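Participant: Below you will find the structure I want to go over with you.
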Amino acid sequence: MWRLATHETFKIASPHGDQAPCNKRQAFGVFKIKKCDHEEQKQFLKATTSSNVSALRASFLVANRIAKAKKPFTIGEELILPAAKDICCEVSREAAVQKVARVPLLASTITIQIDEIAEDIEAQFLERINESLWYAIQVDESTDVDSKATMFVFVRYVFQEDVHEGVLCALLLPTTTTAEELFKSLNDYVSGKLNWIFCVGICMDGEAAMTGQLSGFTTQVKEVASECEPTHCVIHREMLASRKMSPELSNAL
C-alpha cells in the first residue's frame, strides 16, 4: 500500500556512512555547495565557448585577408600564426599567446573558410539583385592563361535608388563554345539564383555565336526573358571601326 512520505523519512548520508535525520541547516548547506559548483561550471563553459567563438572569428578575418592579398593558404600556419605568437609573447603575457594558439589557421581550414566567405558574399549580392525591379547583364567570352574558355557575366541593377554594377559570375565553358553551350551555362546559373523575367537588357561583343538570328545566344535569351533587349558593346564597336580607319583619320584622332 502506498503511503505519504513525511520530511522525517528523508535521510542524508553522514561522513561515516550511517543515515542521519535530515535537518534544514544541513540540507541548505548541501544545496548551497551544489549551486556554487553549478555556477562555476556555467562560467567555465561560457568562457570556453566565448574563447572558441573569438578564435573562430579571428580565423575568418585572417582567411579574408589572405584571400584579398592573393597569398598561398599555407601562409596562415607557416607565417601568420607563429608571428602572432611572437608578438604576443613580447608585448603581452603568456595567456595571450595561449589564446592566439587556439586560432585555427591550417591551410585546409583557410580553404573552407574562404569558400564560406565567397558563398556568403554571393548570397548577399544575389539578394540585392533580387530586390531590384530590373537588372541587365553583359557577357564577355575570353580565354585564360590555361587556354580554358571562360564566360564573364557582369550585372547592373538598382539598389537603394541608385544604379550599381558588379561581376555576377565567371563560368567555365566546354571546348565547343557554340551558342547552345553559352546559353546553357548562363541559364544553369541564372535560373537557379535570379529571375529571367526581370532581365531587361543584355550586352555582348557581337560575335556570330552571340547574335545569330535563328539559334544565336541572344535569341535563346529572349525566349526566357521576353523584355530583354540585346545591344552591341560600344567599346567593341569602336575597336571594329578602327580596324579599317584611313591613315588620315587615324592621324587626326
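If you use the numbering used here, the sequence shown corresponds to residues 913 to 1165, in order. Where is the CB? At the ideal position from N, CA and C, for every residue including glycine. Here the structure is a predicted model, which is why all the values come from computation and not from measurement.
Secondary structure at arginine 1005, three-state DSSP: helix, strand or coil?
Facilitator: Arginine 1005: coil per DSSP, three-state reduction.
Participant: Are there 16 or more other CB atoms within 10 angstroms of the CB of arginine 977, so buried, or fewer, so exposed?
Facilitator: Classification of arginine 977: exposed, given that the 10 Å Cβ count is below 16.
Participant: Would the stretch 1010–1023 and the stretch 1072–1081 be scored as touching if the rule is three or more Cβ pairs under 8 Å?
Facilitator: No, because fewer than three Cβ pairs between the stretch 1010–1023 and the stretch 1072–1081 fall closer than 8 Å, the two stretches do not touch.
Participant: Per the DSSP calculation, glutamine 1050 is bridged to which residue(s)?
Facilitator: Note: glutamine 1050 sits in a beta bridge opposite Phe1066, Cys1115.
Participant: Assuming glycine 1078 is part of the beta strand (DSSP E), what are its boundary residues?
Facilitator: It spans 1074–1084 - the beta strand (DSSP E) in which glycine 1078 sits, taken as one unbroken run.
Participant: Measure from the alpha carbon of threonine 1131 to the alpha carbon of each residue in Leu1038, Leu1094, Ser1103, Thr1055, then state which is nearest.
Facilitator: Cα-wise, what sits closest to threonine 1131 is Leu1094.
Participant: Give the secondary structure of phenylalanine 1071 by DSSP, where H, G and I count as helix, E and B as strand, and everything else as coil.
Facilitator: Three-state DSSP puts phenylalanine 1071 in a strand.
Participant: Does DSSP classify alanine 1137 as helix, strand or coil?
Facilitator: Note: alanine 1137 maps to coil in three-state DSSP.
Participant: Among the residues of its own chain, which have a CB less than 6 Å from the CB of lysine 1134, if the five just before and after it don't count?
Facilitator: Correct list, in chain order: Cys1140.
Participant: Taking 8 Å as the threshold, find out whether the stretch 1109–1119 comes into contact with the stretch 1044–1059 through three or more Cβ pairs.
Facilitator: Yes, since at least three Cβ pairs between the stretch 1109–1119 and the stretch 1044–1059 fall closer than 8 Å, the two stretches touch.
Participant: With a floor of 4 residues, list each alpha helix (DSSP H) that falls wholly inside the stretch 1089–1113, ordered by position along the chain.
Facilitator: Complete alpha helix (DSSP H) runs here, min 4: 1091–1105.
Participant: Is valine 1067 near leucine 1080, with beta carbons less than 7 Å apart?
Facilitator: Cβ atoms of valine 1067 and leucine 1080: closer than 7 Å.
Participant: Less than 7 Å between the C-beta atoms of aspartate 1052 and phenylalanine 1064, yes or no?
Facilitator: Contact flag set, yes.
Participant: Have a look at Ala1082, Ala995, Tyr1101 and flag the residue whose alpha-carbon is nearest the alpha-carbon of aspartate 1056.
Facilitator: Taking only the C-alpha atoms, the option nearest aspartate 1056 is Ala1082.
Participant: Check whether the stretch 1022–1035 touches the stretch 968–988, taking contact to mean three or more Cβ pairs, one atom from each stretch, closer than 8 Å.
Facilitator: A contact exists between the stretch 1022–1035 and the stretch 968–988.
Participant: Does the beta-carbon distance from isoleucine 1041 to tyrosine 1069 come in below 7 Å?
Facilitator: Yes; because the gap between Cβ atoms is below 7 Å, this pair is in contact.
Participant: Tell me the DSSP bridge mates of proline 1142?
Facilitator: Answer is Ile1114, bridged to proline 1142.
Participant: Tell me which same chain residues have a C-beta within less than 7 Å of the C-beta of threonine 986, skipping the five on either side of it?
Facilitator: Ala1019, listed in sequence order.
Participant: Using a 10 Å radius around the Cβ and a threshold of 16 neighbouring Cβ atoms, would you call cysteine 1115 buried or exposed?
Facilitator: The residue is buried, with at least 16 neighbouring Cβ atoms inside 10 Å.
Participant: Is proline 994 buried or exposed, if buried means 16 or more other CB atoms sit within 10 Å of its CB?
Facilitator: Exposed.
Participant: Can the beta-carbon of lysine 1105 be found closer than 7 Å to that of leucine 1038?
Facilitator: The answer is yes: Cβ separation under 7 Å.
Participant: Could you give the DSSP three-state label for threonine 1055: helix, strand or coil?
Facilitator: In the structure shown, threonine 1055 sits in a strand (DSSP, three-state: E or B).
Participant: Among Ala970, Pro984, Asp1117, Ser971, whose alpha-carbon lies nearest the alpha-carbon of serine 1054?
Facilitator: If we check each option's Cα against that of serine 1054, Asp1117 comes out closest.
Participant: Which value, in whole angstroms, describes the spacing of the CA atoms of valine 1136 and threonine 1143?
Facilitator: Looking at the two C-alpha atoms, the distance is approximately 17 Å.
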